[in-house]
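Numbering (the numbering used here), first residue to last: 7 to 273.
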């Protein structure tokens, strides 16, 4: 690379967004594919690991029960995923082999029947390049809203039915996947929201919490009506069986911490 060539003494480190999920068990990483393909690396890896690692590191400061128990973290932004943690260790996540899987996102579809892709390739004559562009740049909130926007702030400010439908589908996908991860954990002690939507889209967050009432989530209405910049980190009532929090993530801090540790190991 240019840096290696021009600055031969420069120490470089790589921090992988998948590393946090190395604790997933075999069943969580496997697709229903032939073993020969699995051996080639076609498996579920998970992403947003740097964000989840940061939340795991600060969670004891907010809720010791959540830190030691079963917590589902929702990293909700233009890219979005969930992570199921037990004792701050990843046990399940919604993204798989790529960042297309799981939740509905800004321009990505999330969970999608592979038969749809075969149909587009075979019946619609779509090229692989066009299909890739569609999946990464034309789907999700943008596609469902009819091209209106991939930005949750703009959709939330709109009264257009297409915007309402896009938001509702996003909420539904999050609630559905929370239920799936709750089954893996055998229950839930806490929910944590982070990322641009998770931290600031109050109405969307409230809709998700209401959709999780069956888990024992009792949303604090007084907190929910406050502007996002003034709201307390805790979103649920004191006697809620499942606590819910907003915690700002800091992926750069995790990268810096790892780099500093590796530098110390070299000296």
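Beta carbons are placed, not taken as given, at the ideal position from N, Cα and C, and that holds for glycine.
DSSP-derived helix/strand/coil call for residue 57: Three-state result, residue 57: helix.
Assigned secondary structure, residue 199 (DSSP; H/G/I helix, E/B strand, else coil): The three-state reading of DSSP puts residue 199 in strand, counting E and B together.
Proximity of residue 115 and residue 106 at Cβ, strictly below 9 Å: yes
Extent of the continuous alpha helix (DSSP H) to which residue 180 belongs: 167-191
Burial state of residue 99 (16 or more Cβ within 10 Å): Counting Cβ neighbours within 10 Å, residue 99 comes out buried, since at least 16 surround it.
Own chain, CB closer than 7 Å to residue 193, minus 5 neighbours either side, in chain order: 76
Segment contact, 8 Å Cβ cut-off, at least three pairs: the stretch 207-227 with the stretch 242-255: yes
Residue 32 versus residue 50: straight-line alpha-carbon distance, rounded: 10 Å
Integer Cβ distance of residue 203 from residue 83, believed to fall under 8 Å: For residue 203 against residue 83, the beta-carbon gap comes to about 6 Å, under 8 Å, which counts as contact.
Through-space distance from residue 53 to residue 258, alpha-carbon basis: In this model, residue 258 and residue 53 are separated by some 15 Å (Cα to Cα).
Segment limits, alpha helix (DSSP H) that includes residue 162: 158-163
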